[in-house]
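What follows is the structure, given as C-alpha cells:
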C-alpha cells in the first residue's frame, strides 16, 4: 500500500471525492464532523453533494484533466462508485497521489470476471464460473452445469443491468445477445436461501472492522430492504464475517468494501464486491457505534477505525425509489422546476413517517425523479427485527416521491 508519511495534523487533509451522489453526500457529512475540507467532481451541477462540499468541479467522470485538477486540490482521493477511469487514478498514484481504495484494486474489481478469478485464487468461495465468447460456449456450460445459467457482462453492470438468464439451450443466443458486444461470462445457477451483504473497512495500518451480516431483499433487481441482523445460522454468520475480512486482504483494500453473498444453509458464496460504502450499509448511520461513512473517511485519512458494533437490537433500511410520476406544471421528464430553475424532487409523507418511533429519514435532494431511481432511504431501529420491520413498514406506507 502507498502509505503516507505520518501527518502531524491529519485533520488538515483535503479529501477529494469522485462522484457527487448520495454516497458522497453521506461521506461529506461525516468528514464535516472532523472539519475536513472536501472537493467533489461530478458532471451534474445540482448533484446531492453540491450544497455541502467546499468546491464542486463540474466535469465528466472521464475528464482526465479535471481529475488531475481535483488531485492538485486534495491530499487524498476516494470515489463513491466504481465505473470510473481507473487508468487516470493509476496515473495519479504514479505521481505520488494517494488514492483509496487503490487504483490497482479498482482495475480488477471493475472487470467482474477478473474479480471472480482474484476471489477464487484468494481462497474465497464463489459460484462456478467460466468465460464465454459466444452462445455456443453458453450451451456447452449449460450441458455441463445444468440449466438455467446466469450470464454477466464483465464490465459496467449494476442493479441487475448487465445480467441475463439463459433458461435452456434455446435461450442461450437471445440471452448472450442481450448483453451486447461486450465480453461476458457465465455462472452456475445458485438456489440460495437468501442474499446477504457484509460491510468491511480496512485502515492504512491493516486493521479491519467488520459489520454485522444483513439480509437484502430485491425487486426488479433493485435493493428494496436490508434487515440486520440477518436471520441465518451462527455458522453462516461467522463464515460470512470471516470471508469479508479475507476479501479485504485479497484486494489490499483501504476504506469501505461491500461484499454481497449468497447463503445456502450454513454455506456462503461471494457474489460481488463493491470497493466503496454500500447501499445495504446505510443502516449503520443510526444503529452502529461508527457508521460505514465515518469509517471510510477515517480509513482514507489514515485515522484509527471505529467500532462497527450495533447499538440497537435490530435495524431495517428501506430504499425510497422514484415512482416515475410527474405532477403539476413545473414537472417535465421527472425533473421539477420553479421559475425555470431545477429543484429537488418533492417527497410526500415525511411528517407521518417521522412520527413513527425509531424512524430516521434521509432525502438525497436529487432534482430528477425516475422510476426505481434511489431518491432517499429510511431506517427503523428496534429491540427486535420484528419491531424494526413493523416500524419501517408503517413509515413507508406514507412515503411517495
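Residue numbers (our numbering): 185 to 585.
Note that CB positions come from ideal geometry on N, CA and C, so glycine has one too.
Source: prediction; values computed, not measured.
Residue 504 is not a Cβ neighbour of residue 442, given a cutoff of 7 Å. In this structure, the beta-carbon distance from residue 287 to residue 303 does not fall below 7 Å. For the region 404-471, the full-length alpha helix (DSSP H) segments reaching 4 residues or more read 418-434, 468-471 along the chain.
The bridge partners DSSP lists for residue 225 are 202, 241.
By the neighbour-count definition (other C-beta atoms within 10 Å, threshold 16), residue 259 is a buried residue. Judged by beta-carbon spacing, residue 458 lies beyond the 7 Å limit of residue 500, meaning their Cβ atoms are not closer than that value. Here the region 396-412 lies against the region 369-388, with 3 or more beta-carbon pairs under 8 Å apart.
Each residue's CA atom was taken as its position, placing residue 456 and residue 298 some 11 Å apart. Annotated three-state conformation of residue 379 is strand, per DSSP. Residue 301 has its alpha-carbon roughly 14 Å from the corresponding atom of residue 290. Residue pairing of residue 499 in beta bridges, as defined by DSSP: 412, 565. Put simply, of 292, 497, 369, 449 the residue whose alpha carbon is nearest the alpha carbon of residue 570 is 497. Between the region 423-441 and the region 264-278, the count of Cβ pairs shorter than 8 Å is below three; the stretches do not touch. Annotation for residue 507: no beta strand (DSSP E) segment contains it, and DSSP assigns it neither H nor E. Around the CB of residue 468, 16 or more other CB atoms lie within 10 Å, so the residue is classed as buried.
The residues 450, in chain order, have a CB closer than 8 Å to that of residue 419 in the same chain once the five nearest residues on each side in sequence are set aside. Between residue 309 and residue 454 a beta carbon distance of about 7 Å is seen, short of the 8 Å cut, so the two are scored as contacting. In the pairwise beta carbon analysis, the region 474-491 is classified as touching the region 210-226: at least three pairs are separated by under 8 Å. Where residue 336 is concerned, the enclosing beta strand (DSSP E) starts and stops at 333-337.
In this structure, the alpha-carbon of residue 430 lies about 39 Å from that of residue 540. Listed in chain order, the non-local C-beta contacts of residue 547 below 6 Å within the same chain comprise 531, 560, local neighbours out to five positions each way being set aside. For the options 329, 369, 272, 224, the alpha carbon positioned closest to that of residue 336 is the one of 369.
DSSP links residue 558 through a beta bridge to 505.
Remark: C-beta atoms of residue 226 and residue 200 do not approach each other more closely than 7 Å. Fully contained in the region 241-282 are the following alpha helix (DSSP H) runs of length 4 or more, in chain order: 248-257, 270-278. A Cβ-Cβ separation of about 18 Å leaves residue 446 out of contact with residue 293 under the 8 Å criterion. Ranked by Cα distance from residue 346, the first of 364, 440, 460 is 364.
Membership of residue 350 in the beta strand (DSSP E) is indicated by the continuous run 347-350. Of the candidates 549, 315, 484, the residue whose Cα lies closest to the Cα of residue 390 is 484.
Counting only the Cα atoms, residue 320 lies some 12 Å from residue 359.
In the three-state reduction of the DSSP assignment, residue 398 falls in the strand class.
One alpha carbon belongs to residue 507, the other to residue 533, and they sit about 14 Å apart.
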